[in-house]
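Chemist:
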Ligand SMILES: NC(=O)c1ccc[n+]([C@@H]2O[C@H](COP(=O)([O-])OP(=O)(O)OC[C@H]3O[C@@H](n4cnc5c(N)ncnc54)[C@H](O)[C@@H]3O)[C@@H](O)[C@H]2O)c1
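Numbering (our numbering), first residue to last: 7 to 145.
#1: Whole angstroms are fine: how far does the CA of residue 43 sit from the CA of residue 75?
#2: Give the DSSP bridge partners of residue 65, in chain order.
#3: Return yes when the C-beta of residue 91 is under 7 angstroms from any heavy atom of ligand 1, and no when it is not.
#4: If you compare alpha carbons, which of 73, 54, 97 and 106 is closest to residue 19?
#5: Report yes or no: do the region 64-83 and the region 33-52 share at least 3 C-beta pairs separated by less than 8 angstroms?
#6: Tell me whether residue 104 sits in a helix, a strand or coil according to DSSP, three-state version.
#7: Quickly, what does DSSP pair residue 16 with across the bridge? List them, please.
#8: Measuring CB to CB, does residue 89 end up less than 8 angstroms from residue 15?
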């Protein structure tokens with residue numbers, strides 16, 4: 007099926023590669039306009055360029071654990087598309103509760119892992135961790 011997300015504007019955090027890039031590709035296949043937000047500039051630009059060949063895709067560099075970066079990301083999205091319909095937060099772990107119950111500091115504080123320092127162990131053991139647990143088996 008194609009076009010189920012026609013007219014929708016989506017921010018996808020952590021979509022330069024991996025699962026997030028796969029989600030972005032499916033969103034574009036379904037006709038969403040996607041904003042790929044990631045710290046990985048080279049991968050992010052390449053993914054956005056690839057997806058822009060068959061849809062609407064834009065890359066915005068930024069670290070969503072940094073509140074100013076996160077706010078700038080939304081401003082860029084609003085500047086480009088006028089609104090945001092969908093947020094896919096693929097780059098970290100949130101507390102297991104309704105999103106409206108999450109304080110901004112708690113949410114961003116749990117987006118702390120990165121592939122460069124993730125040796126495949128619970129991220130609570132890694133430097134800079136705020137106590138949440140993120141684990142990836144990707145690398
Ligand atoms: N791979 C798995 O088996 C698996 C299983 C379950 C859950 N997950 C979860 O799925 C998500 C994606 O996994 P993946 O394997 O595709 O990872 P990946 O490392 O391939 O991709 C993650 C992307 O997020 C970006 N990123 C990380 N921190 C960021 C930050 N603070 N701001 C902006 N971008 C940031 C990275 O640069 C990278 O492009 C993760 O949350 C992971 O914990 C993965």
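The beta-carbon is built from N, C-alpha and C at its ideal position, and this holds for glycine as well.
Modeler: From the atom records:
#1: 10 angstroms
#2: 42
#3: no
#4: 97
#5: yes
#6: coil
#7: 40 and 92
#8: yes
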